[in-house]
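Asks:
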Amino acid sequence: MSDARAVAVPVLTYHAMNVNGRAYADNDHVALARDLDWLHAHDWRIVPLRTAVSALFDGGSPLPPRSCAITFDDGSWFDWYDLDHPSHGRQRGMAGILRDFRDRHGADVHATSFVIASPEARAELDRSCMLGTGWWGHEWWAAAEAEGLVAIESHSFDHNHHTLAATAVRDGPKGRFDTIVDEAAAEAEIVAASRWLDDLLPMRRTRLFAYPYGQSSRFLREDFLPRRAADHGLVAAFGTEPRAMRGTDARWNLPRFVCGADWRSVDELSRLLASA
Ligand SMILES: [Zn+2]
2 MSDARAVAVP VLTYHAMNVN GRAYADNDHV ALARDLDWLH AHDWRIVPLR TAVSALFDGG
62 SPLPPRSCAI TFDDGSWFDW YDLDHPSHGR QRGMAGILRD FRDRHGADVH ATSFVIASPE
122 ARAELDRSCM LGTGWWGHEW WAAAEAEGLV AIESHSFDHN HHTLAATAVR DGPKGRFDTI
182 VDEAAAEAEI VAASRWLDDL LPMRRTRLFA YPYGQSSRFL REDFLPRRAA DHGLVAAFGT
242 EPRAMRGTDA RWNLPRFVCG ADWRSVDELS RLLASA
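Adding 1 to a residue's 1-based position in the sequence shown gives its number in this note's numbering.
What follows is the structure in structure tokens.
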């Protein structure tokens, strides 16, 4: 048991909407495909994030050595479909990159997509800070759960995003998540997201949360999330502190590495994992 808790599990995060060119450093699709091959060549195993959380915190089966998990943020079509980007050409969807990898190597692969629940917020965000092409719908989420390759989990109701005219937080400041320090705002962003996702995807329950902007408040970490577990159904929440996850961590503020911020090449990823 003490051994299982000391195991270090890096969680690698990609943003599929990060398509600003066709090179590793400016395209998370290119980065994911290269990283998967590197991970496989260096004996890393990719496990579902929920399996890793269960192993480290809830007495689940121990993980094999050199286990890591992959996550995506925000839940757009770029996680799932191949799309013709207006400036940068055909992009293989992240799910297609996972399937290509699985077919090439015969190795298990899995990712967890942390999605913004509110369809109205996604439609508005699509117009204000994506391409305005309607590529942020949730049409693919049930198919993803049915296939078992990409799990759908919560990235809040509307990200309390600064470009939305109004967010569920109402009176508080937008564009941050560490400003959420009261019951009503936390209910609107976290409990409502779990309920919405559980209604849409009744074949599974929402169990994991990724804080928008990687930010959390002490109220969320130490009071709201542990106290209201029966209402939000979550078992763990992730920020973006750049280190590997261990069973000794606090489950309401788990670390993740972010592609583009914490590593920008396969060499940087290899150094990151060597020190993780
Ligand atoms: Zn986000």
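Virtual Cβ for every residue (Gly too), placed ideally from N, Cα, C.
(1) Could you tell me whether the Cβ atoms of Leu-84 and Gly-97 are closer together than 8 Å?
(2) Within 10 Å of its beta-carbon, does Ala-7 have 16 or more other beta-carbons around it, so buried, or fewer, so exposed?
(3) Going by beta-carbon coordinates alone, are Gly-173 and Ala-189 separated by less than 8 Å?
(4) Go ahead and label Ala-24 buried or exposed: buried means 16 or more other beta carbons lie within 10 angstroms of its beta carbon, across all protein chains shown.
(5) Starting from Arg-100 and walking both ways along the alpha helix (DSSP H), at which residues does that stretch end?
(6) Quick check: the Cα distance between Leu-132 and Tyr-82, rounded to an integer number of angstroms?
(7) What first and last residue would you give for the beta strand (DSSP E) that runs through Ser-155?
(8) Taking only three categories from DSSP, how would you classify Arg-196?
(9) Pull up the DSSP beta-bridge partners for Met-246, would you.
(10) If we count the other Cβ atoms within 10 Å of its Cβ and call it buried at 16 or more, is Gly-22 buried or exposed?
(11) Excluding the 5 residues flanking Ala-194 on each side, which residues of the same chain have their C-beta closer than 7 Å to its C-beta?
(12) Sorry if obvious, but does the Cβ on His-160 come closer than 7 Å to a heavy atom of ligand 1?
(13) Hey, how far is the Cα of Met-204 from the Cα of Trp-142?
(14) Counting only the same chain and skipping the five closest in sequence on each side, list residues whose C-beta sits under 7 Å from that of Leu-33.
(15) Output the distance between the C-alpha atoms of Ser-3 and Arg-247, rounded to the nearest integer angstrom.
(16) Can you confirm whether the stretch 199–216 touches the stretch 237–253 when touching is taken to mean that 3 or more C-beta pairs between the two stretches lie within less than 8 Å?
(17) May I ask you to verify whether the stretch 105–118 touches the stretch 64–83, counting CB pairs closer than 8 Å and requiring at least 3?
(18) Thinking C-beta only, is Leu-50 closer than 8 Å to Leu-221?
(19) By alpha-carbon positions, which one of Glu-269, Ala-53, Asp-80 and Asp-44 ends up nearest to Asp-29?
(20) How big is the Cα-Cα spacing for Phe-102 and Arg-67?
Replies: Reading it off the structure:
(1) Going by C-beta atoms, Leu-84 is not nearer than 8 Å to Gly-97.
(2) By the 10 Å Cβ count, Ala-7 comes out exposed.
(3) It is not a contact, given that the beta carbons lie outside the stated cut-off.
(4) Around the C-beta of Ala-24, fewer than 16 other C-beta atoms lie within 10 Å, and the residue is accordingly described as exposed.
(5) Residues 95–106.
(6) Distance between the alpha carbons of Leu-132 and Tyr-82: 15 Å.
(7) Start and end: 151–155.
(8) Shown here, Arg-196 sits in a helix according to DSSP, grouped into three states.
(9) For Met-246, the pairing in a beta bridge is given by DSSP as Val-10.
(10) Under this definition Gly-22 is an exposed residue.
(11) Once the five neighbours on either side are set aside, the close Cβ partners of Ala-194 are Ala-118, Ser-155, Ser-157 and Phe-158.
(12) At least one heavy atom of ligand 1 falls within 7 Å of the beta-carbon of His-160.
(13) Answer to the nearest angstrom: the Cα atoms are 11 Å apart.
(14) The residues are Tyr-15, Met-95 and Ile-98.
(15) Interpretation of Ser-3 is limited by its pLDDT of 48, a score under 50 that renders its predicted location unreliable; the figure taken from the coordinates is listed afterwards. Distance between the alpha carbons of Ser-3 and Arg-247 is about 11 Å.
(16) Yes, the stretch 237–253 touches the stretch 199–216.
(17) In short, these stretches touch, since the Cβ pair count reaches three.
(18) For Leu-221 and Leu-50, no; Cβs fall outside 8 Å.
(19) The option with the nearest alpha carbon to Asp-29 is Asp-80.
(20) Taking the straight line from one Cα to the other gives about 18 Å.
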